[in-house]
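Data block below; observations after.
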Amino acid sequence: MPKPVDTITTGNSLDMDKVRSEFPMLSKVIRGKKLIYLDNAATTQKPWRVIHRAIQFETDEYATVRRGSYRLGEEATESYENVRSEIAKFIGAGSPEEIVFTSGATQAINLVAHSYGRKVVGEGDEIIISHMEHHANIIPWKLLCDEKGATLKVIPVNDKGELLLDEYKKLLSYKTKIVAVTHVSNALGTVNPVEKIVALAKEVGAVTLVDGAQSCAHMRVNMFNLGCDFFVFSGHKMYAPSGVGVLFGKSELLDVMPPYVTGGEMIKTVTFDKITFADPPHRFEAGTPPVSQVIGLGAAIGYLNDTGLSRIERHEKQLLNYAISTLKKIQGLRIIGDAENRAGVVSFTLDAVHPHDVVTILSEEGIAVRGGHHCAQPIMRRFGVPATVRASVGVYNTFEDIDALADGLKKAIRVFA
Amino acid sequence: MSYNNELYQQVILDHNRKPRNFHAIEGAKHSCDGHNPLCGDELTVYLNLTPDQVIADISFTGSGCAISKASASLMTTSLKGKTLTEAREIFESFQKMIKGEAEGEETESLGKLVILKGVREYSSRIKCAILAWHTMICALDEKTEATTE
Ligand SMILES: Cc1ncc(COP(=O)(O)O)c(C=O)c1O
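Protein chains in written order, with this note's numbering: chain A, -10 to 406; chain B, 2 to 150.
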């Protein structure tokens, strides 16, 4: 395996050759076509340094954590807990104790709904989400409402795919217990004004959760500035291994929350009569955690820090603007969502070709994009489409990738003409 | 233009563009709604049988990708006039073919449906091709809803 590249940046912009050389998957050739990976909103490819770090850990440092007091176990625990500290710094959390490792964003939201939600939501209460949520940020709340006799309220969107804040204000009341919204829409790319949404929720005493699955690999996030009570994200969407994610929760909330999953390593003492639970974050990490994946996540955070999120954000913004202007030139192509503030996600349909046929034809050209409802059926319905094609960029995409996408789309149109 | 792709052959593109029997049958004796939750394809199959269990009329409506539409269209043209037993046999052979489990002679009975054979190379599209068929079987079995899940 080649060694990771040390410097991948020059001044304010990214050195794309160096960036791309860090990601082995990008040299993959599928049936004679070079892979053009534009499905980063679904999951991202991994740089060498993440792969290396996980392998190095498994070949030379592996032991389980927070159990054995032998040297190896202690060192593994130290590495694991170091990642927690790195994440706390990365997102501007108050302390590492506010960082809970989960299996992903989905599990993190479920944890909050089951532990915090069950505790505070009662009959007649309300939970507010938005029309553009991923199913992971709809279903746990819907089930909680059904269980408790509470009501799920939905912030509507305008035709550009932006949340209607005035409507949101009308939904807020003393009955609102939780407001859970996505930072960036995985289906439209809209970046929501989450600071404002959080601040308004606070005025009525509601607790807030921000779904950061689509944001934290693409822009700098800061818990202090966002002000939210909970924030969730997944490693695999930020150049880290799958199987690990993060729940950030403010200490004062985590402290009073009952455990969600129970078992080993989340207790202080157990007798058959009485159990006392461990303090957060360990209270919420029952069982053997995905140790190597956490270590890999640590390397991914290092990668993002070294590359620089402001450079990444600028690069992806350029790609987005180029993609929009390039795709708009294609006849019969309709872009879904046109928010002022948006991240590197473009969802669209073609008049003559169904999204799934587009995806199959692009795939023959080596291009990976997603077709479907993106686990966000309500927002698809809002825009009157059963499915879209979605191209989403990451740090390693180039203008040439966008050109290849446009060429592939023209080909699809010709086939179906 | 010519496009060397085993999946999107001219016949399929043609059935996608101009699906046959693409309408509802008023007061159909049998019908069923099918959907593919993976991609949001939705279609309804309508059927009428003669007293001796021959498919007198069959049609479909709905929206979906080219593969699901062409498969539905081809299905209606090949099942009209067939007995129920024959229809079920064709369904079995068709299913085997697109899953890549069929032997040479088994696909012979399928006639022009063989054009959809290319689907077997695209595991994610098999459900698109089979949706209309599951929906047809469900209409015969007098259920009201079919899914590919
Ligand atoms: C906005 C959003 N929230 C939540 C999730 C769920 O993430 P995971 O499947 O990693 O738990 C996703 C993944 O697609 C997402 O895009």
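By construction, the Cβ of each residue, glycine as well, lies at the ideal position given by its N, Cα and C atoms.
With a threshold of 16 other beta carbon atoms within 10 Å, N22/B meets it and is buried.
Contact between the region 237 to 246 of chain A and the region 90 to 106 of chain A is established, with three or more Cβ pairs separated by less than 8 Å.
With a threshold of 16 other beta carbon atoms within 10 Å, Q282/A meets it and is buried.
In the DSSP assignment, K23/A is bridged to V18/A. For ligand 1, no non-hydrogen atom lies closer than 8 Å to the CB of Q10/B.
Within the region 58 to 71 of chain B, S64, G65, C66, A67, I68, S69 and K70 place their CB atoms closer than 9 Å to a CB of chain A, listed in sequence order. Under a criterion of Cβ atoms nearer than 9 Å, the residues of chain B adjacent to F405/A are, in order, Y9, L14, N17, R18 and A67. For R359/A, the pairing in a beta bridge is given by DSSP as R379/A.
For V39/A, no beta strand (DSSP E) segment is defined; the enclosing uninterrupted segment is the alpha helix (DSSP H) at W37 to Q45. Relative to ligand 1, A125/A has its C-beta within less than 8 Å of a heavy atom.
The three-state secondary structure of G138/A, taken from DSSP, is coil. Judged by beta-carbon spacing, V146/A lies beyond the 9 Å limit of R370/A, meaning their Cβ atoms are not closer than that value. Annotation: G252/A has no Cβ neighbours in chain B at a cutoff of 8 Å; minimum Cβ distance is about 31 Å. In the three-state reduction of the DSSP assignment, S119/A falls in the strand class.
By the criterion of a C-beta distance shorter than 6 Å, G119/B is surrounded in its chain by E7 and L8, once the five residues flanking it on both sides are discounted. When DSSP assignments are scanned along the region 239 to 301 of chain A, the uninterrupted stretches of alpha helix (DSSP H) that are 4 or more residues long and fall wholly within it turn out to be 240 to 245 and 280 to 296. A residue is called buried once 16 or more other Cβ atoms fall within 10 Å of its Cβ, and I264/A, having fewer, is exposed. Pairing H207/A with M227/A, the inter-Cα distance amounts to about 8 Å.
DSSP places N310/A within a helical segment (H, G or I) once states are collapsed to three.
Taking 9 Å as the CB threshold, D42/B lines the interface with chain A. Going by DSSP, Y157/A is part of no beta strand (DSSP E) but of the alpha helix (DSSP H) stretching over L154 to L160. With the rule of 3 Cβ pairs closer than 8 Å, the region 11 to 26 of chain B counts as touching the region 56 to 65 of chain B.
In this structure, D327/A has its beta carbon at no less than 8 Å from each heavy atom of ligand 1. With 16 or more other Cβ atoms from the protein chains shown falling within 10 Å of its own Cβ, K35/A counts as buried. With its beta carbon at least 9 Å from every one in chain B, D148/A lies outside the interface. G35/B and T136/B do touch by the CB rule: their CB atoms are close to 3 Å apart, below 8 Å.
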